[in-house]
Structure formats: C-alpha cells, structure tokens
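Counted the way the working numbering counts, the sequence shown spans residues 773 to 859. Note sheet for the following structure.
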Amino acid sequence: MGSKERACDAEFREGAVRIVIETGKPIPQVADELGVHAGTLHGWVSRWRRKGSASSDRPPPVGPRRRPPAGGCGRASGANWSGCGGR
C-alpha cells in the first residue's frame, strides 16, 4: 500500500500555522481544509509557539537509519523489557 506522505515546504507550514493563529480556527478544522493530518498541524503550531517557527529544527537525515545491535539494547540477558524494540 502506498504512502500518503508528502513533503510540505516551510512556506506551506508557516501559512498553515498562520491560519490557526490569526483566525482562531480549531487545528482539526484547518488541517482538514488543507489536507494534512491534525496531529501534523498540531506539531507545527506547537513548534511555532515554542520557537517562533513552524519549520523543523531537526537536521536532514544523513544516510540510512541505525539499527540496534544484534545482541539487543545492552540490557541484561533474560530481562523482559518491552521498550527495547526487541525481536
């Protein structure tokens, strides 16, 4: 099944946040009107309120994602810790 994910440029994110802030419309309503997930728009608005910008402050990904070591996450063997992303 294909992904609905699309890249939203900084200008789009800033505009979406501006609509929420300036109109006072609820985030779910604006998100629906713009065709983005409400949780995504909520994140942009939250970031704007914290940092003054809706753009991501994370650097772009470099190379493939790292995987945990084959032996697990360094926990003692035999321990049952579900937050390890275990296999």
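Beta carbons: idealized from backbone N, C-alpha and C, even for Gly.
Which word fits residue 785, buried or exposed, when buried means at least 16 other C-beta atoms lie within 10 angstroms of its C-beta?
Position 13 of the sequence shown, counted from the first residue, corresponds to residue 785. So residue 785 counts as buried.
Assign residue 788 to one of two classes, buried (16 or more other C-beta atoms within 10 Å of its C-beta) or exposed (fewer than that).
Counting from 1 along the sequence shown, the entry for residue 788 is found at position 16. By the 10 Å Cβ count, residue 788 comes out buried.
Could you spell out where the alpha helix (DSSP H) holding residue 798 opens and where it closes?
The sequence position of residue 798 within the sequence shown is 26, counting from 1. Run containing residue 798: none; DSSP gives neither H nor E here.
Looking only at its chain, what residues have a beta carbon closer than 6 Å to the beta carbon of residue 832, apart from the 5 residues adjacent to it on each side?
One-based indexing of the sequence shown puts residue 832 at position 60. At residue 832 the pLDDT is 48, less than 50, meaning the model places this residue with poor confidence and gives no usable figure here.
Measuring CB to CB, does residue 802 end up less than 8 Å from residue 780?
Indexing the sequence shown from 1 puts residue 802 at position 30. Indexing the sequence shown from 1 puts residue 780 at position 8. No.
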